[in-house]
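Sequences listed follow chains A and B, in order. If you count by our numbering, then the first sequence holds residues 91 to 511, one letter each, in order. If you count by our numbering, then the second sequence holds residues 44 to 272, one letter each, in order. For every residue, glycine included, the Cβ atom is placed at its ideal position computed from N, Cα and C. On a predicted model such as this, the values are computed, not experimentally measured, just so you know. These notes concern the structure reproduced below.
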Amino acid sequence: MFIEFLRLAGQNVLHRKLRSILAVLGVLIGIMAIVILISFGLSLKGLMTGQVSKVFGVDTFVIMDQDVMSRSHSGGMKEFGLNLGTLKGVEGVKTVAAIRQRTAFVEGGTNAEGTPQQGFMPVMGLSPELLTDFTAFTGDLMFEDGGRQITEADVDAAVLRRELADRLGVNLGDRILIAGEKSNEITATVIGILAASDEKEEKQGFGASMGSSTADTIYIPYATMDRLWPEGNDFLVTVVRILPGYEVDDVADRAETALKAEGSRVSAVTSGDITNVIDQMMSYINIFLGALAGISLLVGGVGVMNTMFTSVLERTKDIGVMKAVGAKNRHVMAIFLVESGLIGFLGGVIGTAVGLGITALGCFFINTFAGLPQGVAFPFVASPTLIVTTLLGAFALGAVSGLWPARRGSRMPVVDALRYE
Amino acid sequence: MSLLDLKNITKDYPLGQTVVHAVRGLDLSIEKGEIVAIMGPSGSGKSTLMHVLGALDTPTTGTASLEGHNLQELGENELVTLRGRKVGFVFQTFNLIQALTAQQNVELPMTFLGVKKSARAERARALLEKVGLGDRMEHRPNELSGGERQRVAIARALANNPEIILADEPTGNLDSETGATILELLKRLSVDEGKTMILITHDPDAAAIAGRIIRLRDGRIVEEARHVH
Ligand SMILES: Nc1ncnc2c1ncn2[C@@H]1O[C@H](COP(=O)(O)OP(=O)(O)OP(=O)(O)O)[C@@H](O)[C@H]1O
Ligand SMILES: [Mg+2]
Numbered sequence: 091m092f093i094e095f096l097r098l099a100g101q102n103v104l105h106r107k108l109r110s111i112l113a114v115l116g117v118l119i120g121i122m123a124i125v126i127l128i129s130f131g132l133s134l135k136g137l138m139t140g141q142v143s144k145v146f147g148v149d150t151f152v153i154m155d156q157d158v159m160s161r162s163h164s165g166g167m168k169e170f171g172l173n174l175g176t177l178k179g180v181e182g183v184k185t186v187a188a189i190r191q192r193t194a195f196v197e198g199g200t201n202a203e204g205t206p207q208q209g210f211m212p213v214m215g216l217s218p219e220l221l222t223d224f225t226a227f228t229g230d231l232m233f234e235d236g237g238r239q240i241t242e243a244d245v246d247a248a249v250l251r252r253e254l255a256d257r258l259g260v261n262l263g264d265r266i267l268i269a270g271e272k273s274n275e276i277t278a279t280v281i282g283i284l285a286a287s288d289e290k291e292e293k294q295g296f297g298a299s300m301g302s303s304t305a306d307t308i309y310i311p312y313a314t315m316d317r318l319w320p321e322g323n324d325f326l327v328t329v330v331r332i333l334p335g336y337e338v339d340d341v342a343d344r345a346e347t348a349l350k351a352e353g354s355r356v357s358a359v360t361s362g363d364i365t366n367v368i369d370q371m372m373s374y375i376n377i378f379l380g381a382l383a384g385i386s387l388l389v390g391g392v393g394v395m396n397t398m399f400t401s402v403l404e405r406t407k408d409i410g411v412m413k414a415v416g417a418k419n420r421h422v423m424a425i426f427l428v429e430s431g432l433i434g435f436l437g438g439v440i441g442t443a444v445g446l447g448i449t450a451l452g453c454f455f456i457n458t459f460a461g462l463p464q465g466v467a468f469p470f471v472a473s474p475t476l477i478v479t480t481l482l483g484a485f486a487l488g489a490v491s492g493l494w495p496a497r498r499g500s501r502m503p504v505v506d507a508l509r510y511e
Numbered sequence: 044m045s046l047l048d049l050k051n052i053t054k055d056y057p058l059g060q061t062v063v064h065a066v067r068g069l070d071l072s073i074e075k076g077e078i079v080a081i082m083g084p085s086g087s088g089k090s091t092l093m094h095v096l097g098a099l100d101t102p103t104t105g106t107a108s109l110e111g112h113n114l115q116e117l118g119e120n121e122l123v124t125l126r127g128r129k130v131g132f133v134f135q136t137f138n139l140i141q142a143l144t145a146q147q148n149v150e151l152p153m154t155f156l157g158v159k160k161s162a163r164a165e166r167a168r169a170l171l172e173k174v175g176l177g178d179r180m181e182h183r184p185n186e187l188s189g190g191e192r193q194r195v196a197i198a199r200a201l202a203n204n205p206e207i208i209l210a211d212e213p214t215g216n217l218d219s220e221t222g223a224t225i226l227e228l229l230k231r232l233s234v235d236e237g238k239t240m241i242l243i244t245h246d247p248d249a250a251a252i253a254g255r256i257i258r259l260r261d262g263r264i265v266e267e268a269r270h271v272h
């Protein structure tokens with residue numbers, strides 16, 4: 091009998107085209123909004139977890155300041171003290187690369203008037219392992235012609251950006267004075283200049299990956315850093331690769347425990363930890379989206395309810411006739427519920443299709459025109475769970491919104507309904 | 044036992060502060076196979092009486108029984124089933140469902156009784172053939188003339204092969220010629236199929252097909268006449 095009711099409902103929907111279209115539209119917009127928001131959320135999550143796993147792989151974790159993953163953390167990285175020897179001695183650790191950062195007095199060349207160019211700048215010491223074993227962290231660095239990256243053999247060498255080179259009045263092969271603590275100081279030769287960053291700043295390597303570097307930073311070899319500031323209490327991050335056959339979480343736990351036992355205020359962060367943070371962030375976003383979705387669905391539902399009240403009123407006579415020829419209350423109820431469910435379902439189907447279409451287009455446009463870093467793309471995610479849930483939800487929304495009108499209609503006394511003009 | 048039995052029926056409608064006494068004490072028995080015409084001025088209670096006879100409504104006081112079932116004792120769903128099986132209605136304004144085709148309209152009473160699709164379709168087509176609309180089955184009501192619509196309504200009234208056909212001014216919205224063919228059809232059907240028919244009408248020609256004519260005034264029977272054809 092459901093088929094008959096579906097047909098009856100379908101014909102009623104078609105019979106009052108404009109009104110049905112408007113009600114469908116109300117649901118459609120709500121569903122579309124939800125599908126777009128959630129799909130973009132899924133894309134974003136896909137993008138972030140994709141990036142994380144690309145940088146980390148399954149065999150890498152990092153050591154950071156212990157507050158970095160906590161909720162109260164306000165962004166940016168804090169320096170911490172660490173004994174690299176202890177870290178290297180932890181069972182399962184294969185390679186360790188570290189980045190240290192300090193602010194130092196720096197003096198470059200002279201300007202046109204002969205005034206020396208100097209100032210306080212961040213200086214970063216990079217482990218050679220970082221540049222050889224963890225290229226995913228540094229990204230593709232674009233050097234100007236003749237420039238090169240720091241290697242293990244370098245001692246008094248420096249790499250800096252074009253902007254900073256201009257300000258310090260130096261060029262490839264020129265010398266920079268860097269003053270460390272006490273009377274430690276070096277004169278480093280500029281061996282590489284990173285191409286002007288303009289708007290493509292994100293592409294300029296670990297500055298972005300590490301989330302702290304600015305165009306001001308001067309990069310020097312790690313050993314040189316040690317000479318300027320012998321005390322290693324200025325680590326920004328330490329990257330650790332584990333030996334094959336070990337579980338990254340186990341090694342990370344051991345490393346953290348060992349370092350903390352020595353008083354280091356550090357935390358070992360694996361890709362799983364970051365994914366968890368992303369998941370948690372996404373769950374907050376989802377709650378917010380859920381609230382938005384709820385509101386737009388409520389609006390759609392009220393639209394369906396309004397349409398159904400009109401439909402019931404308009405078909406009062408039909409209700410009387412159907413009851414006269416043997417329709418029970420539940421038949422009348424079912425007919426109207428199927429009708430409103432159908433409106434909801436239609437809104438759901440079209441809304442989901444349009445929403446997914448817009449999301450796909452959006453991803454395409456962002457990937458094509460937004461100038462994302464190389465290899466970074468918004469993946470378009472058409473989640474089957476999302477589709478099925480929204481379709482069922484739209485049908486349920488329609489049916490629930492039709493409940494009250496349908497009940498009203500079904501309870502109308504047959505004689506009153508028949509007399510209705 | 045009569046097919047239909049009304050004893051001392053009254054029907055009151057509350058209307059604001061007052062009460063409308065639509066039927067004021069009425070006795071009526073109708074036997075199987077009879078054709079009864081009910082006449083009377085507007086507002087005399089004809090439709091109200093028909094609603095009680097057709098188990099659409101229960102009287103305020105008195106007893107009404109259909110084939111021995113006391114209507115007041117039946118629950119709403121039993122009442123629906125009883126009238127679905129036993130009574131077919133024909134209305135002045137045809138009252139077809141606009142969204143459905145002629146055939147679907149005729150199938151509707153069977154649908155509510157849970158008759159299978161194939162059986163339903165077959166019977167609906169046979170009935171439409173019988174009322175002369177074999178070539179109009181897929182038409183919707185607004186694609187049919189008034190006379191054709193009323194014939195669809197008659198086919199629908201016959202769908203569940205009921206004992207009784209109740210027709211409330213079936214020719215009221217038709218021109219006299221079309222009205223005459225509809226009356227002809229109703230009469231033929233009730234004679235051929237042995238249906239009991241109750242015909243509410245203002246039209247003396249319509250009343251002429253009846254074996255008994257009952258006149259109402261102010262909710263009472265004021266005259267009862269038997270015809271011998
Ligand atoms: N639901 C109602 N509420 C109040 N009064 C009603 C109701 N239904 C009918 N009446 C009144 O009951 C009386 C009888 O009405 P009914 O419809 O039975 O008359 P009728 O004989 O069929 O008239 P007509 O020939 O115009 O169809 C009328 O006075 C009418 O106003
Ligand atoms: Mg009437």
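| Check | Outcome |
| --- | --- |
| Kindly indicate if chain B contains any beta-carbon less than 8 Å away from that of Lys107/A. | no |
| Taking only the alpha-carbon atoms, compute the straight-line gap between Phe134/B and Phe95/A and give it to the nearest angstrom. | 24 Å |
| Report whether the distance from the Cβ of Lys89/B to the nearest heavy atom of ligand 2 is below 7 Å. | yes |
| Span of the beta strand (DSSP E) holding Leu284/A? | 275-284 |
| Below 7 Å CB to CB, which residues in the same chain sit around Phe485/A once its five sequence neighbours on both sides are set aside? | Gly431, Gly434, Phe435, Gly438 |
| Any beta carbon of chain A sitting closer than 8 Å to that of Arg126/B? | yes |
| Any beta carbon of chain A sitting closer than 8 Å to that of His182/B? | no |
| What three-state label does DSSP hand Phe130/A in the structure shown? | helix |
| Using a cut-off of 9 Å between C-beta atoms, extract the partners of Ala113/A located in chain B. | None at all; the shortest Cβ gap to chain B is about 17 Å. |
| Which stretch, first to last residue, makes up the beta strand (DSSP E) that contains Gln207/A? | 206-216 |
| Do you know whose CA, among Phe233/A, Phe470/A, Ile310/A, lies nearest Ala247/A's CA? | Ile310/A |
| Following a CB-centred definition, is Asp211/B positioned closer than 7 Å to any heavy atom of ligand 2? | yes |
| Applying the 10 Å Cβ sphere with the 16-neighbour rule, what's the burial state of Leu98/A? | buried |
| Could you pull out every unbroken alpha helix (DSSP H) segment of at least 4 residues lying fully inside the stretch 96-180 of chain B, listed in chain order? | 119-129, 145-156, 160-173 |
| Look up Asp157/A in the DSSP assignment and say whether it is helix, strand or coil. | coil |
| Provide the residue(s) that pair with Leu58/B in DSSP beta bridges, ordered along the chain. | Thr61/B |
| When DSSP labels each residue in this structure, what does Ala251/B get in the three-state scheme? | coil |
| Taking only beta carbons into account, state which residues of the stretch 414-429 of chain A come closer than 8 Å to chain B, listed in chain order. | Ala414, Val415, Gly416, Ala417, Lys418, Asn419, His421 |
| His94/B touches chain A at which residues, Cβ-Cβ below 7 Å? | Val505 |
| Return no unless some Cβ of chain B is closer than 8 Å to the Cβ of Glu292/A. | Residue confidence for Glu292/A is low, a pLDDT of 43 falling below 50, so the modelled location carries little weight; the figure read from the coordinates is stated next. No, no contact with chain B. |
| Is any heavy atom of ligand 3 found at a distance shorter than 7 Å from the C-beta of Leu71/B? | For the structure depicted, ligand 3 is absent and the ligand set comprises only ligand 1 and ligand 2. |
| State the Cα-Cα distance for the pair Leu209/B and Ile225/B, rounded to the nearest angstrom. | 14 Å |
| I need the DSSP call for Ile477/A, collapsed to helix, strand or coil. | helix |
| Taking just the CA atoms, how far does Met315/A sit from Val260/A? | 21 Å |
| For Thr53/B, which three-state DSSP category applies? | strand |
| Using the beta-carbon count (16 or more within 10 Å), is Phe137/B buried or exposed? | buried |
| Is Val63/B near ligand 1 - that is, is its Cβ less than 7 Å away from at least one heavy atom of it? | yes |
| May I ask whether a heavy atom of ligand 1 can be found less than 7 Å away from the beta carbon of Arg263/B? | no |
| In three-state terms, what does DSSP make of Tyr312/A? | helix |
| Kindly indicate the opening and closing residues of the alpha helix (DSSP H) around Arg420/A. | 419-459 |
| Give the straight-line distance between the Cα atoms of Thr222/A and Val125/A, rounded to the nearest whole angstrom. | 44 Å |
| How is Gln370/A classed by DSSP in three states: helix, strand or coil? | helix |
| Can you give the Cα-Cα distance for Gly140/A and Phe468/A, rounded to whole angstroms? | 10 Å |
| Give me, in chain order, the residues of the same chain whose beta-carbon lies closer than 8 Å to that of Asp55/B; leave out the 5 immediate sequence neighbours on both sides. | Val62, Val63, His64, Ala65, Thr103 |
| Can you grab the Cα-Cα spacing for the pair Ile375/A / Lys135/A, in whole Å? | 11 Å |
| Which residues mark the beginning and the end of the alpha helix (DSSP H) in which Gly100/A is found? | 92-105 |
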